[in-house]
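K.L.:
After the structure tokens below, expect a handful of questions from me.
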Amino acid sequence: MLSSVYQTSNEYLFSRIGKKILDKERQGEHVIRLSMGDVTCPIAPCVVDSMCKAASELGEYATFRGYPPSNGYRFVREKIAALYGERIGPNDVFVSDGAKSDLAGWCGLFDLSVPAMIPNPSYPAYLGANVLRGRRVVEIPCAKSDGYQPLPPKHKERALIYLCSPSNPIGVALSRETLTKWVEYAIETKSLILYDTAYREFNHKAPKSIYEVDKALSVAVEIGSLSKSASFGGVRFGWSIVPGEIVVDGVSLRTAWERRQSTLFNGVSYVTQRGAESALSEEGRAYSKICIEKYIRSAEILATSIKDTTELIYGDSPYVWAMIDEDGWSFFDRLLAKGVAVTPGIGFGTEGARYVRLSGFAGREDILKSAAILPNLWHKK
Ligand code: PLP
53 MLSSVYQTSN EYLFSRIGKK ILDKERQGEH VIRLSMGDVT CPIAPCVVDS
103 MCKAASELGE YATFRGYPPS NGYRFVREKI AALYGERIGP NDVFVSDGAK
153 SDLAGWCGLF DLSVPAMIPN PSYPAYLGAN VLRGRRVVEI PCAKSDGYQP
203 LPPKHKERAL IYLCSPSNPI GVALSRETLT KWVEYAIETK SLILYDTAYR
253 EFNHKAPKSI YEVDKALSVA VEIGSLSKSA SFGGVRFGWS IVPGEIVVDG
303 VSLRTAWERR QSTLFNGVSY VTQRGAESAL SEEGRAYSKI CIEKYIRSAE
353 ILATSIKDTT ELIYGDSPYV WAMIDEDGWS FFDRLLAKGV AVTPGIGFGT
403 EGARYVRLSG FAGREDILKS AAILPNLWHK K
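53 is the number of the first residue of the sequence shown in my numbering; add one for each residue after it.
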């Protein structure tokens, strides 16, 4: 009865890492977590105030609210739409409990005959969600010679295309040229782009939104999240932008997504949506900026500590993508034995086999401690 993929597929990357860290902590040892991309700055004071006020409203007859609309309250959809300027309106916005749920939800809308094109390496949920559905995957290499930009393949094939900018794990923002190539490819092959912008606020150079590229409104769904920028990893809030222009096989994609969401999803809590509204206010965004600068600086501290030891990429994301000269999981185990958890690059795809990802999301004290010991641990003695 259990689908065969659940009997055979591998454990999710961060579950495997989490269990290894817990085993170590059970032995009474402190582990510095440079592994999962989990933020450490607390939620902005204005957001906390808004959520408390919203919770109080729910405790009064006059202001009580029941089920929320499945696409989100208009007050927060307006705030999200404003991030995209004139191109996007509140009706294009569908709120959710995070980007991961939406990324998985989208692959349920399309026939399994359509493959997923996924950059290698990538955030592992793209591959996981498609493998669990039994969908074929076409890997798109992120070669150093292309500046780690995933580029459309030579062969033309209709596909669900996953792109992420700034990318996880490499941390490279996709250029306008790269995005233009993908939009052209999607138009030519009748493909759909799922554009993940979970790290949007870390990007100050390349386009912040795929809709800055001509014609993207007809082929791209953009997915956003407050997990990294507003410390909502635990609160849970994200969205999909589904422009009315997208028509797939004669059907409006927005109508199809609305049908999916209203059937399978019961919306995001009022308290969370008021918190998100506040996180996207001027005051909330100013607070986010301070946190993001701190994470970028932390990644820089980590990178500086090992830059004479190995080859690395950093700067446009909270991560450092660093080369290693041994198997990723043995590197992981060796560092964990010394109290530092990293993420083996192989967990993001075969192209990551000789890399690890270090996260600048850890607290500053932990960042400084690891910067002091990483150079000595890097190479096997
Ligand atoms: N997309 C990328 C690239 C991520 O790295 C993550 C989390 O690490 C997510 C999406 C998940 O975001 P959320 O917390 O909104 O589900």
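In this text, a Cβ means the ideal position worked out from N, Cα and C, and glycines have one as well.
Just the residues with CB closer than 6 angstroms to a heavy atom of the ligand PLP, in chain order, which are they?
P.N.:
Working through the chain, the matches are 89, 150, 151, 152, 175, 216, 220, 248, 250, 277, 279, 285, 290.
K.L.:
Ignore the nearest five residues each way along the sequence and tell me which others in residue 121's own chain have a CB closer than 7 angstroms to its CB.
P.N.:
Contacts found: 319.
K.L.:
Report, in whole angstroms, the separation of the C-beta atoms of residue 249 and residue 285, which I expect to be a contact under 8 angstroms.
P.N.:
That pair is no contact at about 16 angstroms.
K.L.:
Which whole-angstrom value is the C-beta distance of residue 15 and residue 128, which I expect to be below 8 angstroms?
P.N.:
Not covered by the structure: residue 15. The range shown for the chain is 53 to 433.
K.L.:
Do residue 372 and residue 87 have their beta-carbon atoms positioned less than 8 angstroms apart in this structure?
P.N.:
Not in contact: residue 87 and residue 372 (Cβ atoms no closer than 8 angstroms).
K.L.:
Mind checking residue 341: buried by the 16 CB within 10 Å criterion, or exposed?
P.N.:
Label assigned to residue 341: exposed.
K.L.:
Can residue 239 and residue 267 be called in contact, C-beta distance under 8 angstroms?
P.N.:
Yes, the Cβ-Cβ distance between residue 239 and residue 267 is below 8 angstroms.
K.L.:
Residue 374 lies in the beta strand (DSSP E); which residues open and close that run?
P.N.:
Looking at the DSSP string, the run of the beta strand (DSSP E) that includes residue 374 is 371-375.
K.L.:
In or out: residue 155 buried (at least 16 other Cβ within 10 Å) or exposed?
P.N.:
Buried is the call here.
K.L.:
Between 282, 375, 385, which lies nearest to residue 346 when the distance is taken from Cα to Cα?
P.N.:
Closest option to residue 346, Cα to Cα, is 282.
K.L.:
From the DSSP output, read off the bridge partner residues of residue 426.
P.N.:
Its beta-bridge partners do not exist; DSSP assigns none.
K.L.:
To the nearest angstrom, report how far apart residue 369 and residue 197 are at their CA atoms.
P.N.:
Using only the alpha carbons, I get a separation of about 20 angstroms.
K.L.:
Hey, quick one: how far does the alpha helix (DSSP H) through residue 248 stretch, first residue to last?
P.N.:
It is not in any alpha helix (DSSP H) - residue 248 instead sits in the beta strand (DSSP E) that spans 244-248.
K.L.:
Within its chain, find whatever has a CB closer than 7 angstroms to the CB of residue 410; leave out the 5 residues flanking it on each side and keep chain order.
P.N.:
Counting only Cβ-Cβ distances below 7 angstroms, and skipping sequence neighbours, we find 86, 354, 371, 372, 374, 394.
K.L.:
Would residue 110 and residue 322 be called neighbours here (beta carbons separated by less than 8 angstroms)?
P.N.:
Yes, they are a contact pair.
K.L.:
By the three-class DSSP mapping on this structure, what secondary structure does residue 118 have?
P.N.:
Here residue 118 sits in coil by DSSP.
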